[in-house]
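S.K.: So that we are looking at the same thing, I have put the structure below in structure tokens.
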Amino acid sequence: MNRKTGVLTAMTLCLLLTGGQPALAGLDVDLGARVRVGDDADLFVSITSRYFNRDSQVVADMGRRYSNPDDLSVALFLTNRTRRDPADVWRFRERGLSWWEIGVRLGVPAEAWFVPVQRHPGPPYGKAYGHWKNGKNSGYRMTDADARNLVAVRMIHEYYNVPVSVAMEWRASGQSVRTLMNKEYRQRHGKVASHKAHGKQGKQGKGHGKKK
Numbered sequence: 001m002n003r004k005t006g007v008l009t010a011m012t013l014c015l016l017l018t019g020g021q022p023a024l025a026g027l028d029v030d031l032g033a034r035v036r037v038g039d040d041a042d043l044f045v046s047i048t049s050r051y052f053n054r055d056s057q058v059v060a061d062m063g064r065r066y067s068n069p070d071d072l073s074v075a076l077f078l079t080n081r082t083r084r085d086p087a088d089v090w091r092f093r094e095r096g097l098s099w100w101e102i103g104v105r106l107g108v109p110a111e112a113w114f115v116p117v118q119r120h121p122g123p124p125y126g127k128a129y130g131h132w133k134n135g136k137n138s139g140y141r142m143t144d145a146d147a148r149n150l151v152a153v154r155m156i157h158e159y160y161n162v163p164v165s166v167a168m169e170w171r172a173s174g175q176s177v178r179t180l181m182n183k184e185y186r187q188r189h190g191k192v193a194s195h196k197a198h199g200k201q202g203k204q205g206k207g208h209g210k211k212k
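With the first letter of the sequence shown counted as 1, position 120 gets the number 120 in the UniProt record's numbering; the numbers rise by one all the way through.
Below you can see the structure in the form of structure tokens.
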């Protein structure tokens, strides 16, 4: 195999492993005056539509189906991974299937849920990462809480370009992905003075606790 062929093969493998999605290295920008930054729902729709590269109206329509913003994020994650219509995911959810079961039915591999980490994470991520790292996926059923946590961590990490460990720390606070994403946006872009930092995060963002 010559060098050119080897490079192309490696690129193809990377695309297959990522579902054809481009690698993200920080998508955060000032969304401008068109976004009602003081409106939690509107701001989250704008951030989420940018992250998932979906029309904001599509995201807003999906949001009316999912009362929990964490579930909305998981649904968007699955539709983006599989290129399936949002209605398909909703129908599975209406039938009572867990997020893990829906992912399996749509052909989402177990590794797609996880963001690589340098060391084994603690609660609430340890059990899920333990199964993945040790290859114990046979018979494994991820809980909805795990699915929500993992998608939230991925969003924070990729959108704001913060270390995975920091994203995990923020999420472990128990706040919803909407609260976390909106809070960081407001603190970075200074739109709402009432949302002040609760600690310094250096260049990685502010207000979600100090990096350990």
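By construction, the Cβ of each residue, glycine as well, lies at the ideal position given by its N, Cα and C atoms. If you're wondering where the values come from, they're calculated on a predicted model, not measured in any experiment.
Could you check how far apart the C-beta atoms of Ser56 and Val45 are, in whole angstroms? I think they sit under 8 Å.
M.R.: On the sequence shown, position 56 is the one that residue 56 refers to. On the sequence shown, position 45 is the one that residue 45 refers to. Sure, about 5 Å apart at Cβ, within 8 Å.
S.K.: Excluding sequence positions up to five away, which residues of its chain have a Cβ less than 7 Å from the Cβ of Ser176?
M.R.: The residue given as residue 176 occupies position 176 in the sequence shown. Correct list, in chain order: Pro69, Asp70.
S.K.: In terms of residues, what are the limits of the alpha helix (DSSP H) holding Leu78?
M.R.: Mapped onto the sequence shown, residue 78 falls at position 78. Note, Leu78: alpha helix (DSSP H), 69-82.
S.K.: Taking just the CA atoms, how far does Asn149 sit from Val29?
M.R.: Reading the sequence shown from its first residue, position 29 is the one you call residue 29. Reading the sequence shown from its first residue, position 149 is the one you call residue 149. So the alpha carbons of these two residues sit roughly 24 Å apart.
S.K.: As a quick exercise: from Val151, Gly96, Ala110, pick the residue whose alpha carbon is nearest that of Leu72.
M.R.: Locating residue 72 in the sequence shown gives position 72, counting from the first residue. Looking at the Cα atoms, Val151 is the closest of the given residues.
S.K.: Report the option in Glu101, Leu43, Trp113 whose CA atom is closest to the CA atom of Phe77.
M.R.: Locating residue 77 in the sequence shown gives position 77, counting from the first residue. Nearest C-alpha to Phe77: Trp113.
S.K.: Among the residues of its own chain, which have a CB less than 6 Å from the CB of Val108, if the five just before and after it don't count?
M.R.: Stepping through the sequence shown from its first residue, residue 108 is reached at position 108. So the qualifying residues of the chain are Arg81.
S.K.: What is the rounded straight-line gap between the Cα of Gly103 and the Cα of Asp144?
M.R.: Numbered from its first residue, the sequence shown carries residue 103 at position 103. Numbered from its first residue, the sequence shown carries residue 144 at position 144. Roughly 11 Å between the two C-alpha positions.
S.K.: From Arg54 to Gln118, what does the alpha carbon distance come to, in whole angstroms?
M.R.: Translated into the one-based positions of the sequence shown, residue 54 becomes position 54. Translated into the one-based positions of the sequence shown, residue 118 becomes position 118. Roughly 31 Å between the two C-alpha positions.
S.K.: Taking only the alpha-carbon atoms, compute the straight-line gap between Asp40 and Glu101 and give it to the nearest angstrom.
M.R.: Stepping through the sequence shown from its first residue, residue 40 is reached at position 40. Stepping through the sequence shown from its first residue, residue 101 is reached at position 101. Each residue's alpha carbon lies about 30 Å from the other.
S.K.: Looking only at its chain, what residues have a beta carbon closer than 8 Å to the beta carbon of Val35, apart from the 5 residues adjacent to it on each side?
M.R.: Along the sequence shown, read from residue 1 onward, the residue named residue 35 stands at position 35. Correct list, in chain order: Asp42, Leu43, Ser46.
S.K.: Less than 8 Å between the C-beta atoms of Pro121 and Met181, yes or no?
M.R.: In the sequence shown, counting from the first residue as 1, residue 121 sits at position 121. In the sequence shown, counting from the first residue as 1, residue 181 sits at position 181. Going by C-beta atoms, Pro121 is not nearer than 8 Å to Met181.
S.K.: Compare the beta carbon distance of Val115 and Arg141 with 8 Å and say whether it is the shorter of the two.
M.R.: As a working note, residue 115 is residue 115 in the sequence shown. As a working note, residue 141 is residue 141 in the sequence shown. No, the pair does not count as a contact, with Cβ atoms beyond the cut-off.
S.K.: Where do the ends of the alpha helix (DSSP H) carrying Ala41 lie?
M.R.: In the sequence shown, counting from the first residue as 1, residue 41 sits at position 41. Run containing Ala41: 40-52, per the alpha helix (DSSP H) assignment.
S.K.: Quick check on Asp146: buried or exposed, where buried means 16 or more other Cβ atoms within 10 Å of its Cβ?
M.R.: As a first step, residue 146 must be located in the sequence shown, where it is residue number 146. Buried, since its Cβ has 16 or more Cβ neighbours within 10 Å.
S.K.: Ignore the nearest five residues each way along the sequence and tell me which others in Arg178's own chain have a CB closer than 6 Å to its CB.
M.R.: The sequence position of residue 178 within the sequence shown is 178, counting from 1. The answer, listed in chain order, is Phe44, Pro69.
S.K.: I'd like the list of long-range same chain contacts for Arg84, defined as Cβ closer than 8 Å, with 5 residues on each side in sequence excluded.
M.R.: Your numbering for residue 84 matches position 84 in the sequence shown. Cβ within range, chain order: Leu78, Leu106.
S.K.: Is Thr143 helix, strand or coil when you go by DSSP?
M.R.: Stepping through the sequence shown from its first residue, residue 143 is reached at position 143. Note: Thr143 maps to coil in three-state DSSP.
S.K.: Which value, in whole angstroms, describes the spacing of the CA atoms of Ser98 and Gly32?
M.R.: Numbered from 1 along the sequence shown, position 98 holds the residue referred to as residue 98. Numbered from 1 along the sequence shown, position 32 holds the residue referred to as residue 32. Near 37 Å, if we compare the C-alpha coordinates of Gly32 and Ser98.
S.K.: Spatial neighbours of Gly63 within its chain, please: CB distance less than 6 Å, with the 5 preceding and 5 following residues excluded, ordered by chain position.
M.R.: Against the sequence shown, residue 63 aligns to sequence position 63. Leu72, listed in sequence order.
S.K.: Any heavy atom of the ligand NAP closer than 7 Å to the Cβ of Ser49?
M.R.: This structure simply doesn't include the ligand NAP, nor any ligand for that matter.
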